[in-house]
Every structure is written in C-alpha cells, then in structure tokens.
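Chemist: In this note's numbering, the protein residues as written are 787 to 989.
Handing you a structure now.
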C-alpha cells in the first residue's frame, strides 16, 4: 500500500511504504533489501555470518537501515511533524530495547506559554504535500527563540511480538527485516501515537 496524505492521522507516526520499496528496487525485489545487503555485517553475530542476532539487536539494526539518514526516503516513513524515531538500548545493561519519538512542540502546546515574551521565536513551519501535518524547522537567528522538543520513550516488551531473525542473507533476511520493521511500526503507532496526539491536543 502506498503512503499518501490519507495514511496519516493524529496517532499514526510511522508507516511502511511497501509500494515504493518494490517500485524503486534496483534488484527487482526490494530497495530496502539492497541497503540491507550492503550492511550484512550489522545483521549477524560478530565473525559468525551464519548466526542470527538476538531479537532486540536485529530489530535495532533493521530499523536503522530502514530509516533516514541511511535510507532517504526511508522504507519506513515518519510523519513530517516529528524529528525522528530512534532505537537504543537501556543503560541498565539488561538489553531492553527502547524507542524514542522526538516531538517538537510549539509554544501553544506549553502550559507556560503565557510567560514567554512575544518577541521570542517559535519553530517555523511548512506544509508537506504528502501529510496533513506541518514540518517544523529552526527559525532564523535574528531574535531569541525557545525551541522545545520532548521525547516520548517506549520500552519494547513481549507484547510487541517482535519476530525472531531466521536468516542472515538473501530474500529470507529481507523478509525477516520487513516483518520486524512492521512490528515496530505497529507498536510505535499503538503506544506512542495517543501520547503524541495528547501533546498536540489532537484526537
């Protein structure tokens, strides 16, 4: 299914563009797959090319390849009003996978907005032709600015149903990565989407 302006809603933060992936595939199969094949060392245990990664590590690697700046446009598209969705591991060392959704906020989204001097700049905005949401970018430097970004952090657990990696090369690897990225996208929209909508006072 293509990603169009109708694909986005207040709680839809990310979407997989299967149609563009097939249409722009240099190998006739998957553009995303071509990028994965250029980074096979990321997708198996160190010095053991036949041994798959643990599920969380594979998910982090598959997501990194599927998104900007590695793929631009990405296999996974993010809503134009976000400043990225990134994956990392908890510092406690328990191997827990974390998802950070970076959400720039306008002054009007802040309870303290009445105390912000009128001369201070906010995020500049621009309409994106494929999204009902605005792209937010930094204003010029002529005046002071208050540019607020919040991070919605999710902890990935068993309820996300991330599939285990079965293959370390070929079409099997690509299919594993696509299933994983789709599960991550669904979990992000389900768990972070309502929080982002609440921050933006949307429904």
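C-beta: ideal position from N, C-alpha, C; glycine also.
Pull up the CB-CB distance for residue 942 and residue 800, whole angstroms please, since I reckon it's below 8 Å.
Modeler: Translated into positions along the chain shown, residue 942 becomes position 156. Translated into positions along the chain shown, residue 800 becomes position 14. Actually they do not touch by this definition, with Cβ atoms about 14 Å apart.
Chemist: Could you give the first and the last residue of the continuous alpha helix (DSSP H) run that contains residue 890?
Modeler: Within the chain shown, numbered from 1, the residue matching residue 890 stands at position 104. No alpha helix (DSSP H) holds residue 890; the beta strand (DSSP E) holding it covers 883-891.
Chemist: Evaluate contact between the stretch 941-961 and the stretch 890-910, counting only Cβ atoms and requiring at least three cross-stretch pairs below 8 Å.
Modeler: No contact exists between the stretch 941-961 and the stretch 890-910.
Chemist: Tell me, to the nearest whole angstrom, how far the beta carbon of residue 844 is from that of residue 838; I am working on the premise that it is less than 8 Å.
Modeler: Working through the chain shown from its first residue, we reach residue 844 at position 58. Working through the chain shown from its first residue, we reach residue 838 at position 52. Right, the Cβ-Cβ distance comes to about 7 Å (below 8 Å), so this counts as a contact.
Chemist: Could you check if residue 863 is buried or exposed, using at least 16 other CB atoms within 10 Å of its CB as the buried criterion?
Modeler: Position 77 of the chain shown, counted from the start, is the residue given in the question as residue 863. Residue 863 comes out buried.
Chemist: List, from N- to C-terminal side, the beta strand (DSSP E) runs of 3 residues or more that fit wholly inside the stretch 816-882.
Modeler: Fully enclosed beta strand (DSSP E) runs of 3 or longer: 862-864, 871-875.
Chemist: On the three-pair Cβ rule with 8 Å, is the stretch 950-970 touching the stretch 815-826?
Modeler: Output reads yes: the stretch 815-826 touches the stretch 950-970.
Chemist: Please check the pair residue 935 and residue 921, which I expect to be a contact at CB under 8 Å, by giving their CB distance rounded to whole angstroms.
Modeler: For this step, residue 935 is matched to residue 149 along the chain shown. For this step, residue 921 is matched to residue 135 along the chain shown. Wrong, their Cβ atoms sit about 14 Å apart, outside the cutoff.
Chemist: In the DSSP output, which residue or residues are listed as bridge partners for residue 910?
Modeler: For the purposes of this step, residue 910 is taken as the residue at position 124 of the chain shown. Answer by DSSP bridge pairing, in chain order: 923.
Chemist: With H, G and I counted as helix, E and B as strand and the rest as coil, what does DSSP make of residue 936?
Modeler: For this step, residue 936 is matched to residue 150 along the chain shown. Three-state DSSP puts residue 936 in a strand.
Chemist: How many angstroms separate the CA atom of residue 742 from the CA atom of residue 795?
Modeler: With the chain represented from 787 up to 989, any question about residue 742 goes unanswered, as that position is not in the structure.
Chemist: For residue 876, which residues from the same chain have a beta carbon less than 7 Å from its beta carbon, with the 5 sequence-adjacent residues on both sides left out?
Modeler: The residue you call residue 876 lines up with position 90 of the chain shown. Closer than 7 Å at Cβ, skipping near neighbours: 882, 884.
Chemist: Using only CA atoms, which one of 925, 940, 866 lies nearest to residue 798?
Modeler: The count along the chain shown starts at 1 and reaches residue 798 at position 12. Cα-wise, what sits closest to residue 798 is 866.
Chemist: Please say whether residue 887 and residue 871 have beta carbons closer to each other than 7 Å?
Modeler: By one-based count along the chain shown, residue 871 stands at place 85. By one-based count along the chain shown, residue 887 stands at place 101. Yes, they are a contact pair.
Chemist: Might you give, ordered along the chain, the residues of its own chain that have their beta carbon closer than 8 Å to the beta carbon of residue 896, omitting 5 neighbours on each side?
Modeler: Start at 1 with the first residue of the chain shown, and residue 896 comes out as number 110. The answer, listed in chain order, is 902, 934.
Chemist: In its own chain, which residues sit with a C-beta less than 6 Å from the C-beta of residue 812, not counting the 5 before and 5 after it?
Modeler: Numbered from 1 along the chain shown, position 26 holds the residue referred to as residue 812. Contacts found: 820.
Chemist: Looking only at its own chain, which residues have a Cβ that is under 6 Å from the Cβ of residue 986, when we skip the five neighbours before and after it?
Modeler: One-based indexing of the chain shown puts residue 986 at position 200. Cβ within range, chain order: n/a, list empty.
Chemist: Just to confirm, are residue 802 and residue 966 a CB contact at a threshold of 7 Å?
Modeler: What you label residue 802 is simply residue 16 of the chain shown in a count that begins at 1. What you label residue 966 is simply residue 180 of the chain shown in a count that begins at 1. No, the Cβ-Cβ distance between residue 802 and residue 966 is not below 7 Å.
Chemist: Can you give me the start and stop residues for the beta strand (DSSP E) that residue 800 sits inside?
Modeler: Here residue 800 corresponds to residue number 14 of the chain shown, with the count starting at 1. First-last of the beta strand (DSSP E) with residue 800: 800-802.
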